[in-house]
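*Asks:* In the UniProt record's numbering, the protein residues as written are 1 to 367.
Structure incoming, see below.
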């Protein structure tokens with residue numbers, strides 16, 4: 001029975017399945033960049049970040065399912081095994097609780113592991129190591145033992161993979177002290193923040209998005225440098241605006257940008273904030289934006305109860321920014337149901353640009 005479960009798990013992520021997802025994601029474009037500028041796919045930005053950090057620091061190594069000879073399920077680790085060998089790019093058995101525990105122990109011993117989950121849904125198999133070992137050891141050792149490591153992989157909704165492979169764990173991990181939680185959107189986000197995560201002295205949960213792997217974004221000359229890093233805990237204003245603030249993370253940032261583009265044609269200028277980091281949350285950027293626009297909508301693909309939007313609402317209520325609001329904060333989130341498998345129902349369970357447009361018009365009381 002156990003063997004059948006393991007085999008079925010592996011079959012769900014067959015090479016044909018990955019090729020179809022790569023093809024699908026390559027067709028999508030969520031970038032608002034100059035189309036004539038240099039474009040870099042998200043998977044290539046992540047690959048560059050790991051390559052540069054492995055070259056810079058011999059303590060850095062990668063482990064996970066199919067990360068070596070197969071170049072990773074989503075080709076994020078392409079070429080790393082050939083360059084660094086099987087001592088530093090390690091294929092593991094299908095046992096998240098096993099290789100996550102090895103990674104945590106290696107970090108305690110002074111190495112800097114990157115632990116890849118084929119999807120964060122499978123991280124539930126290793127949750128004890130992440131929460132009870134990685135997140136709490138620094139506190140329980142009175143600051144004597146650091147656990148410098150990264151847990152990374154795709155998080156949230158994908159395409160046609162149903163409820164057990166589509167969950168967003170952003171709010172789950174953001175709830176835990178001792179962890180830093182990153183949820184990037186663009187290629188620059190991915191490269192700069194992953195490099196910072198690898199160098200960080202604390203355990204970092206790095207939540208990627210499966211459908212963004214094949215999307216190309218503009219990459220500045222600065223970001224192409226091996227010295228490029230982005231600060232953990234600092235949000236980015238993707239689009240300035242004066243009428244309403246839209247706050248999102250990961251793929252939902254693209255949803256907000258698409259909605260903002262449509263609303264702009266109606267004279268409504270949205271300020272779009274890309275959170276980048278969920279823990280620690282850049283509260284100051286959100287508060288300053290609300291004080292400027294007087295309206296706020298949070299957008300996320302995760303469930304509404306105890307979500308990132310809920311936390312932001314609480315922070316606003318507890319701050320001086322609350323007195324600047326001219327209407328209640330509105331949350332646009334994933335439907336409060338397990339993700340349906342049916343293709344026609346999937347879009348109904350995830351926020352679409354039109355959902356954000358309607359929410360903005362409702363908050364601003366415009367037609």
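For glycine and all other residues, C-beta sits at the position ideal for the given N, C-alpha and C.
It should be emphasised that the depicted structure is a prediction, and the values quoted were computed from it without experimental measurement.
Tell me which same chain residues have a C-beta within less than 8 Å of the C-beta of residue 95, skipping the five on either side of it?
*Replies:* For the purposes of this step, residue 95 is taken as residue 95 along the chain shown, with counting starting at 1. Only 125 meet the Cβ criterion.
*Asks:* Comparing alpha-carbon positions, which option in 269, 69, 137 lies nearest residue 242?
*Replies:* To locate residue 242, count along the chain shown from 1; it is residue 242. If we check each option's Cα against that of residue 242, 269 comes out closest.
*Asks:* Do the region 255-269 and the region 200-215 make contact, defined as three or more Cβ pairs closer than 8 Å?
*Replies:* No, they do not touch.
*Asks:* Since residue 111 is in the alpha helix (DSSP H), which residue starts that stretch and which ends it?
*Replies:* The residue you call residue 111 lines up with position 111 of the chain shown. No alpha helix (DSSP H) holds residue 111; DSSP gives it neither H nor E.
*Asks:* Quick one: using the 10 Å Cβ neighbour count with 16 as the cut-off for buried, is residue 343 buried or exposed?
*Replies:* Locating residue 343 in the chain shown gives position 343, where the first residue counts as 1. The residue in question, residue 343, is exposed, as its Cβ has fewer than 16 Cβ neighbours within 10 Å.
*Asks:* Suppose the cutoff is 7 Å on Cβ atoms and the five residues either side in sequence are ignored; what does the same chain contact list for residue 122 look like?
*Replies:* The residue given as residue 122 occupies position 122 in the chain shown. Once the five neighbours on either side are set aside, the close Cβ partners of residue 122 are 96.
*Asks:* Using 8 Å as the threshold, is the C-beta distance between residue 112 and residue 57 below it?
*Replies:* Taking the first residue of the chain shown as position 1, residue 112 is located at position 112. Taking the first residue of the chain shown as position 1, residue 57 is located at position 57. Yes. Within cutoff.
*Asks:* What number of angstroms, rounded off, separates the C-alpha of residue 187 from the C-alpha of residue 277?
*Replies:* For the purposes of this step, residue 187 is taken as residue 187 along the chain shown, with counting starting at 1. For the purposes of this step, residue 277 is taken as residue 277 along the chain shown, with counting starting at 1. Looking at the two C-alpha atoms, the distance is approximately 15 Å.
*Asks:* Mapping DSSP to helix, strand and coil, what is residue 138?
*Replies:* On the chain shown, residue 138 is found 138 positions in, with the first residue counted as 1. In this structure, residue 138 counts as helix in the three-state DSSP scheme.
*Asks:* Where are the alpha helix (DSSP H) runs, 4 residues long or more, that stay fully inside the region 42-95, in chain order?
*Replies:* If we require 4 residues or more, the alpha helix (DSSP H) runs fully inside the region 42-95 come out as 42-56, 80-84.
*Asks:* Please classify residue 286 as buried or exposed, where buried requires at least 16 other C-beta atoms within 10 Å of its C-beta.
*Replies:* Within the chain shown, the letter at position 286 stands for residue 286. So residue 286 counts as buried.
*Asks:* Could you tell me which whole alpha helix (DSSP H) segments of length 4 or greater appear in the region 242-283?
*Replies:* Listed in chain order, the complete alpha helix (DSSP H) runs (minimum 4 residues) inside the region 242-283 are 251-264.
*Asks:* Return the first residue and the last residue of the beta strand (DSSP E) that residue 353 is part of.
*Replies:* The residue you call residue 353 lines up with position 353 of the chain shown. No beta strand (DSSP E) contains residue 353, which is instead part of the alpha helix (DSSP H) from 353-364.
*Asks:* Under a three-way DSSP split, which group does residue 179 fall into?
*Replies:* As a working mapping, residue 179 is identified with position 179 in the chain shown. Residue 179 falls in the coil class under three-state DSSP.
*Asks:* Put residue 337 into one of helix, strand or coil per three-state DSSP.
*Replies:* Stepping through the chain shown from its first residue, residue 337 is reached at position 337. Here residue 337 sits in coil by DSSP.
*Asks:* Whose C-alpha, out of 329, 41, 229, 281, is nearest the C-alpha of residue 176?
*Replies:* In the chain shown, residue 176 corresponds to position 176, counting from 1. Answer by Cα proximity: 281.
*Asks:* When you compare the region 188-200 with the region 47-63, are there three or more beta-carbon pairs, one atom per stretch, that lie closer than 8 Å?
*Replies:* With the cut-off at 8 Å, the region 188-200 and the region 47-63 touch.
*Asks:* Would you kindly check if the distance between the Cβ of residue 98 and the Cβ of residue 119 is under 8 Å?
*Replies:* Here residue 119 is taken as the residue at index 119 of the chain shown, counted from 1. Here residue 98 is taken as the residue at index 98 of the chain shown, counted from 1. It is not a contact, given that the beta carbons lie outside the stated cut-off.
*Asks:* Tell me where the beta strand (DSSP E) around residue 153 begins and ends.
*Replies:* Residue 153 sits at position 153 when you count from the first residue of the chain shown. It spans 150-154 - the beta strand (DSSP E) in which residue 153 sits, taken as one unbroken run.
*Asks:* Less than 8 Å separating the beta-carbons of residue 229 and residue 265?
*Replies:* For the purposes of this step, residue 229 is taken as the residue at position 229 of the chain shown. For the purposes of this step, residue 265 is taken as the residue at position 265 of the chain shown. For residue 229 and residue 265, no; Cβs fall outside 8 Å.
*Asks:* Who does residue 239 pair with in a DSSP beta bridge?
*Replies:* In the chain shown, residue 239 corresponds to position 239, counting from 1. Paired residues: 272.
*Asks:* Check this for me: beta carbons of residue 233 and residue 185, under 8 Å apart or not?
*Replies:* Taking the first residue of the chain shown as 1, we reach residue 233 at position 233. Taking the first residue of the chain shown as 1, we reach residue 185 at position 185. No, the pair does not count as a contact, with Cβ atoms beyond the cut-off.
*Asks:* Please report the straight-line C-alpha distance between residue 303 and residue 103, rounded to a whole angstrom.
*Replies:* By 1-based counting over the chain shown, the position of residue 303 is 303. By 1-based counting over the chain shown, the position of residue 103 is 103. Their backbone Cα atoms lie some 30 Å apart in a straight line.
*Asks:* Buried or exposed: where does residue 93 fall if 16 or more other Cβ atoms within 10 Å of its Cβ makes it buried?
*Replies:* Taking the first residue of the chain shown as position 1, residue 93 is located at position 93. So residue 93 ends up on the exposed side.
*Asks:* Give the single residue among 292, 301, 331, 334 whose Cα lies nearest to the Cα of residue 320.
*Replies:* Taking the chain shown and counting its residues from 1, one reaches residue 320 at position 320. Among 292, 301, 331, 334, the Cα nearest to that of residue 320 is on 292.
*Asks:* Grouping DSSP H, G and I as helix and E and B as strand, with all else coil, what is residue 188?
*Replies:* On the chain shown, position 188 is the one that residue 188 refers to. Looking at residue 188 - three-state DSSP - the assignment turns out to be helix.
*Asks:* For residue 272 and residue 115, what's the separation of their Cα atoms in angstroms?
*Replies:* Residue numbering aside, residue 272 sits at position 272 when the chain shown is read from its first letter. Residue numbering aside, residue 115 sits at position 115 when the chain shown is read from its first letter. Cα to Cα, residue 272 sits roughly 31 Å from residue 115.
*Asks:* Spatial neighbours of residue 327 within its chain, please: CB distance less than 7 Å, with the 5 preceding and 5 following residues excluded, ordered by chain position.
*Replies:* Residue 327 sits at position 327 when you count from the first residue of the chain shown. Counting only Cβ-Cβ distances below 7 Å, and skipping sequence neighbours, we find 295, 363.
*Asks:* Can you name the residues that DSSP bridges to residue 331?
*Replies:* In the chain shown, residue 331 corresponds to position 331, counting from 1. DSSP lists 298 as partners of residue 331.
*Asks:* Count the other CB atoms, across all protein chains shown, that sit within 10 Å of the CB of residue 155; report buried if there are 16 or more and exposed otherwise.
*Replies:* Stepping through the chain shown from its first residue, residue 155 is reached at position 155. With 16 or more Cβ atoms within 10 Å of its Cβ, residue 155 is classed as buried.
*Asks:* Would you please state the rounded distance, in angstroms, between the beta carbons of residue 66 and residue 91? I believe it to be under 8 Å.
*Replies:* One-based indexing of the chain shown puts residue 66 at position 66. One-based indexing of the chain shown puts residue 91 at position 91. Between residue 91 and residue 66 the Cβ distance is about 6 Å, and since that is below 8 Å, they are a contact.
*Asks:* Look up residue 197 in the DSSP assignment and say whether it is helix, strand or coil.
*Replies:* Against the chain shown, residue 197 aligns to sequence position 197. Of the three classes helix, strand and coil, the one that applies to residue 197 here is helix, per DSSP.
*Asks:* Would you decide whether residue 347 is buried or exposed? Buried here means 16 or more other CB atoms lie within 10 Å of its CB.
*Replies:* Here the question's residue 347 lines up with position 347 in the chain shown. Burial call: exposed.
*Asks:* For residue 205, does the three-state DSSP call read helix, strand or coil?
*Replies:* For this step, residue 205 is matched to residue 205 along the chain shown. Looking at residue 205 - three-state DSSP - the assignment turns out to be strand.
*Asks:* Mind checking residue 222: buried by the 16 CB within 10 Å criterion, or exposed?
*Replies:* Taking the first residue of the chain shown as position 1, residue 222 is located at position 222. Answer is exposed; the Cβ neighbour count stays below 16.
*Asks:* Quickly, what does DSSP pair residue 39 with across the bridge? List them, please.
*Replies:* Along the chain shown, one-based indexing puts residue 39 at 39. Looking at the DSSP assignment, residue 39 forms a beta bridge with 218.
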